[in-house]
Amino acid sequence: MDQLQRWLLPTDSSSNLAAARACRHEGTGAWFLEGAGLSDWKTGKFQHLCLYGLPGCGKTILAATLFEHLQRTDLRLTVGFIFDFKDSRKRTFEDFLRSITWQLYGTADETTRCLDMLHSACDDGQSQPHPSQLASCVEAMLQSSRGASLVIDGLDDCSDATELVQWIRPLSSGPEFAHIKLVLTVRQHSILFRDISNATDDINYVQLDKHTIGNDINAYVTSWLEGSRLNWKYSQAQLHRIRERVIARADGIFLMATHGMKDVLQCHDYEIIEDSFTVPQDLIDIYRTGLETHSSPMERDRLFQFLVHAQQPLILDEAIDILATGTSHFREKDRIRDPDHLPWLYSPFLFTSLVSTPNGNSKQVHFINITAKEYLLSKPEFELKLASFSITRTCLVYLKSVKGSLEEVLRDFPLARRAMTMLMVHARFTENSNIFFEELYTLFQDGTRFDMWCRVFPNSGSQKRHTSNVWHQLFPNAMRNNVSPLYYTCKAGLFRLSRRLLEDGMDANAWSEPHLSAIYAASQEGFNDIIELLLVFGADAYEEYDPPCSPLQIAAENGHVHTVKLLLDRGQRKIEQELRDHALASASSRGHVEIVGLLLGHGADVNVRIGSGGNAFCEASRNGHVGVVEYLLDRKRRDPTLEPQGRSWDDAIWAASVGGHDKVVQLLRNERLCLAASGGDYDMVEALLNEGANPNTSGRGQRNALQSAVDKEYAGIVKALLEKGADPDGRGRHYTSALESAVNKENLELVEMLLEKGAKVYTYMMEFYERQSWHRGQEILHLLREHV
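Numbering-wise (our numbering), the sequence shown opens with residue 16 and increments by one.
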């Protein structure tokens, strides 16, 4: 079980539940737990429940309260997930699926079997499941359960919320999920709120506003005042007045009440509170006031720009060094003396949280909620291109100050790794500035400093899904000291700097391993201008590469259509067949339909098996890419050489079945049924019908299975199809009916079969056949007249 958990890497929401529990005042949510909204949901009047309200109104705390309440009192299984924009492991639809899969695992024999099958389908844990496979696995687990409540909090914090809502849609209305009850929380007035409303009618909405949670905020503020130093400083009448003002202007938003109480603490006496204390009317007022009144706007903006655009949360020590880095120098003496004071210095935007890392506990710096980040992004100075200049400048200044041994750098310069990572991300937007360009060029020409970079950033050979450093994703194998600086500039998309290095004589083909070449790096990221540049300087993109690690393969895998086209066009006479075949399998496995078409157009073979895996059909089926499977079937109809050979059909159906991709399974079975019916393979037709193939399918060739069998006069197959429910009047696209085909074939047996199953005889048919004369025509005409 531990091995399975290490493979799945599920996210644990218990830390979010614990944080919500710590913030919850005793009695919070009692109105909801005892109210009609929840009661109607529990008794089945509504299948689903949606809690909605403005940002900061306490949705997460209420959702956590309900989750724990259901776990204690409900006989049904309760599982849940809290999306958290502050935690990179709790932002995506895939994070959600992994967590729910693990929570459901072991709750019943069938749920255990579902995940075990998925593990087997992924080469017994040697590869990671595709999100579509995880989605199918969760659906199968939920279907097999006796009943479950699924609590999903913070839909607005999900980075790919559209995919989540698309997945929720059938779950909320499909008859096969009638025993599954959803609890969702979403921001009022958001697009997601509208999408959920369109997904199902069987849902009860509970709005969180001052009318519903007013008592909770009242109790929260009262408790805070009683426990604060204000309790002995002011009279009861004054405390009562302060409480009323905070509650009134909070207007149903817990977060605003919290800020109001902080503002009260900053007032030295009651007269100041009465005369000048005001709680802003909404969160935007809070943030606007916070920006306008801050004493050090340059430092503030610099820190916020890093926070807005960092892909991983900042460690507190990193934030301290960002603030201590000026426009021209970094000085240790400029570090904040009391780091824990940072949230107060940058209120109302920031807070810190304690997290566990392999090196022990550390504090992370976050925006207090996603609304704060969204507000900053609405300001020009925090937009990507403008912020990139400030980030690049700060990183360059800081990295110039880095010195000492590797151990000293890691100990004394906590921002070093982050600075190099973000420099290589944001320098692309600034390298056209001559000042930044020359500084970047100097850094890459400094052999000692470059060697330090390669040693500071650890090897990322780990295949774990979640990594703690963006460098792992951007610059693999960075510990290798023989990696060319050109590799990094091409990987980061630095065209001007790459050209300068090449003009200075740097070898375009310098690499120790194929995946560490400059052109491989540029192909991986889809930087076509850099690929063109490298080719001009003699870079080899074809002959020296093994198929699994060629530039063409990585570009196809990552979905870079124009890069694939560029490499195909520039290497028509150099690309070996094996390179094209590997690229086709990679594109198929990732669902890149347009790239599949490009590669087929350049001679890639759809039937070639790649290593221990399958061919293009099998790889697309294994990962549930319906679009690719449909495209390959359509191409097969136009080009018979693309017909799956040997065991390809069986392998593809098995791969899709194990992955839980029912739509692909059905698509392949239906297509094969048409082919088997047309080819006279009775045993295959019978087996496919017993496995659930649709007897009325038209396949991708437009002629349906029954028509194909009648046209070839396979009476046994016609009978099998009719007995399984084939429509005797069904017409494929642009084809006549099966009865017309049987009459045209003058096959009395088939005509009798079809008429017995209810095939209709139309007047226009009789008028046509009356004018014809066949060897056996009179007997058939007699039958037709009886059924007009």
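Beta carbons: idealized from backbone N, C-alpha and C, even for Gly.
>> On a Cα-Cα basis, can you pick out the residue from A741, D726, L32, F82 that is closest to L53?
In response: F82
>> Looking only at its chain, what residues have a beta carbon closer than 7 Å to the beta carbon of L769, apart from the 5 residues adjacent to it on each side?
In response: P743, A753, L754, A757
> Which residues bound the beta strand (DSSP E) around N219?
Replying inline: 218–223
> So, using beta-carbon positions, are H617 and L583 closer together than 7 Å?
Replying inline: yes
> Under the three-state reduction of DSSP, which class applies to S212: helix, strand or coil?
Replying inline: helix
>> For A571 and A774, I'd like the C-alpha separation in whole angstroms.
In response: 49 Å
> Is P566 closer than 7 Å to S538 when the C-beta atoms are compared?
Replying inline: yes
> Going by Cα to Cα distance, which pick from R800, G275, K651, R303 is closest to E767?
Replying inline: R800
> Which class does F345 belong to by DSSP, given the choice of helix, strand or coil?
Replying inline: strand
> With a Cβ-Cβ cutoff of 7 Å, do A79 and A35 count as a contact?
Replying inline: yes
> Which residues share a DSSP beta bridge with F382?
Replying inline: L365
>> Taking only three categories from DSSP, how would you classify N376?
In response: strand
> For the region 295–335, which segments carrying the alpha helix (DSSP H) assignment without a break, of at least 4 residues, lie completely within its bounds, in sequence order?
Replying inline: 298–308, 312–324
>> Beta-carbon within less than 8 Å of E422's beta-carbon, same chain only, minus the 5 sequence neighbours each way: which residues are those?
In response: none
>> For a minimum of 4 consecutive residues, which ranges assigned as the alpha helix (DSSP H) are wholly contained in the region 88–123?
In response: 108–119
>> I believe F319 touches F404 by the beta-carbon criterion, under 8 Å. Please report the beta-carbon distance rounded to the nearest angstrom.
In response: The pair is not a contact, with the Cβ atoms about 14 Å apart (cut-off 8 Å).
>> If the criterion is Cβ atoms closer than 7 Å, does the pair F542 and G508 meet it?
In response: yes
>> Between the alpha carbons of A163 and I115, how many angstroms are there, rounded?
In response: 12 Å
> Among E794, Q222, K388, which residue has its Cα nearest to the Cα of I299?
Replying inline: K388
>> The alpha helix (DSSP H) that contains G642, what's its start and end?
In response: 641–653
> Measuring CB to CB, does V551 end up less than 7 Å from M132?
Replying inline: no
> Tell me, which residues are paired with D168 by DSSP?
Replying inline: I97
>> With distance defined between alpha-carbon atoms, name the residue in Y535, L549, H530 nearest to R515.
In response: L549
> Taking C-alpha atoms, which residue in L683, L414, N630, D666 lies nearest to E645?
Replying inline: L683
> What do you reckon, is the C-beta of S601 under 6 Å from a heavy atom of the ligand NAD?
Replying inline: No copy of the ligand NAD appears in this structure; indeed no ligand is present at all.
>> Please report the distance separating the alpha-carbon of T482 from that of T26.
In response: Residue placement at T482 cannot be trusted, given a pLDDT of 34 that sits under 50; the coordinates are not used to answer.
> Tell me the DSSP bridge mates of H63?
Replying inline: I218
> Going by the CB atoms, is the gap between G629 and D666 shorter than 7 Å?
Replying inline: yes
>> Quick check on V498: does DSSP put it in helix, strand or coil?
In response: coil
> What do you reckon, are the CB atoms on N711 and A741 nearer than 7 Å?
Replying inline: yes
>> With distance defined between alpha-carbon atoms, name the residue in T367, I167, M699, K760 nearest to Q722.
In response: K760
> How long is the line joining the alpha carbons of G341 and M313, rounded to whole angstroms?
Replying inline: 9 Å
> For Q18, which option in P429, E559, L130 has the closest C-alpha, if you only look at C-alpha atoms?
Replying inline: L130
> At which residues does the beta strand (DSSP E) containing R202 begin and terminate?
Replying inline: 195–202
> Where are the beta strand (DSSP E) runs, 3 residues long or more, that stay fully inside the region 234–286, in chain order?
Replying inline: none
> How is V424 classed by DSSP in three states: helix, strand or coil?
Replying inline: helix
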